[in-house]
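Engineer:
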Amino acid sequence: MRTPIFIIILCLISSCQNKKTYNIVLEKTNRNFILTDLNNNIITIQNTEKAKVFFTLDPECPLCKSYSKKINEIHAKYNHSIDFYGFLPSTIFNKKKVDHFVENNDIKMQVIVDTNQILTNFLHASITPECFLVDNNLNTLYKGLIDDWIKELGRKRQNINNNYLEDALNAFLNNREIIKKETKAIGCIIEK
């Protein structure tokens with residue numbers, strides 16, 4: 715009982731610093747997460763019948779801006795069967811910048827604030843943008859690149875040859891094996 719109260723007090727104290735930080739995890743038990751979104755509303759992520767896709771996002775990462783249209787297209791195409799979340803893995807959170815990023819890029823999915831990096835560590839996220847497909851028990855089925863548009867930092871392809879995330883989603887939804895389970899994400903490094 716003392717530990718949860720101590721954690722809440724510690725989070726309240728840390729939120730009084732100059733830069734605004736948010737405590738994302740109020741509770742984490744048996745792969746169930748109670749998190750907060752941009753407006754400090756509670757989001758519960760738990761074992762359900764639906765699989766989930768998580769995208770790491772950073773409003774200061776140029777690739778997150780470049781990929782926002784593709785992320786929105788994937789969300790629109792699959793959100794009837796899959797739950798989608800964006801999350802901010804940075805230890806520092808600037809609400810004004812994030813609100814501007816979400817509005818300008820028309821992000822429709824829920825965006826989670828992960829300043830304590832609980833979700834970041836759970837998913838082993840290291841780059842923005844990076845995507846994760848997890849099953850209904852929150853086991854990772856695919857992680858890495860959204861597609862192969864980016865060859866390396868600063869170099870983009872003219873044509874996309876592999877839609878890694880969509881291939882994984884289609885395989886999962888059609889009860890087929892996901893062939894490519896992981897790719898090496900390219901983008902901005904998440905500071906820990």
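Using the numbering used here, you'd call the opening residue of the sequence shown number 715 and step up by one each time. No residue lacks a Cβ here, since even glycine has one placed at the ideal position from N, Cα and C.
Among the residues of its own chain, which have a CB less than 6 Å from the CB of Glu844, if the five just before and after it don't count?
Structural biologist: These residues qualify, in order along the chain: Thr770, Ala899.
Engineer: Within the continuous beta strand (DSSP E) that includes Phe747, where are the two ends?
Structural biologist: From DSSP, the beta strand (DSSP E) with Phe747 extends over 746-750.
Engineer: In whole angstroms, give me the CA-to-CA distance for Asn851 and Ile759.
Structural biologist: Using only the alpha carbons, I get a separation of about 10 Å.
Engineer: DSSP state of Phe807, grouped into three classes?
Structural biologist: Three-state result, Phe807: coil.
Engineer: Please report the Cβ distance between Ile909 and Phe801, rounded to the nearest whole angstrom; I am assuming they are in contact, meaning their Cβ atoms lie under 8 Å.
Structural biologist: This structure leaves residue 909 out entirely; the chain is present only between 715 and 906.
Engineer: Name the DSSP beta bridge partners of Cys902, please?
Structural biologist: Looking at the DSSP assignment, Cys902 forms a beta bridge with Thr842.
Engineer: What does the Cβ neighbour count give for Lys657, buried or exposed, with the cut at 16 atoms within 10 Å?
Structural biologist: In the structure as shown, the chain starts at 715 and stops at 906, and residue 657 therefore has no counterpart that could be examined.
Engineer: In whole angstroms, what is the alpha-carbon distance linking Ile892 and Lys870?
Structural biologist: If I take the Cα positions, the gap works out to 25 Å.
Engineer: Name the one or two DSSP bridge partners that Ala765 has.
Structural biologist: For Ala765, which the question treats as bridged, DSSP gives the partners Ile796.
Engineer: Since Glu756 sits in a beta bridge, which residues does DSSP pair it with?
Structural biologist: A quick correction: the sequence has Ile, not Glu, at residue 756. Thr750, per the DSSP bridge assignment.
Engineer: Please name the residue, chosen from Val767, His814, Asn830, that lies closest to Phe798 on a Cα-to-Cα basis.
Structural biologist: Checked all of Val767, His814, Asn830; the closest Cα to Phe798 is Val767.
Engineer: From Tyr856, Ile864, Lys865, pick the residue whose C-alpha is nearest to that of Glu880; which is it?
Structural biologist: Checked all of Tyr856, Ile864, Lys865; the closest Cα to Glu880 is Tyr856.
Engineer: According to DSSP, is Ile860 part of a helix, a strand, or is it coil?
Structural biologist: It is coil, neither helix nor strand.
Engineer: Give me the Cα-Cα distance between Lys810 and Lys822, rounded to the nearest whole angstrom.
Structural biologist: Lys810 and Lys822: Cα-Cα distance of roughly 17 Å.
Engineer: Residues bridged to Lys870 by DSSP?
Structural biologist: Answer is Ile864, bridged to Lys870.
Engineer: Since Ile832 is in the alpha helix (DSSP H), which residue starts that stretch and which ends it?
Structural biologist: 832-837 is the span of the alpha helix (DSSP H), which, as asked, contains Ile832.
Engineer: Find out if the Cβ-Cβ distance for the pair Cys902, Thr842 is shorter than 8 Å.
Structural biologist: A contact, by the Cβ cut-off of 8 Å.
Engineer: Looking only at C-alpha atoms, which of Val816, Asp862, Ile864 sits nearest to Asp907?
Structural biologist: Residue 907 lies beyond the residue range present for the chain, which begins at 715 and ends at 906; the question has no answer from this structure.
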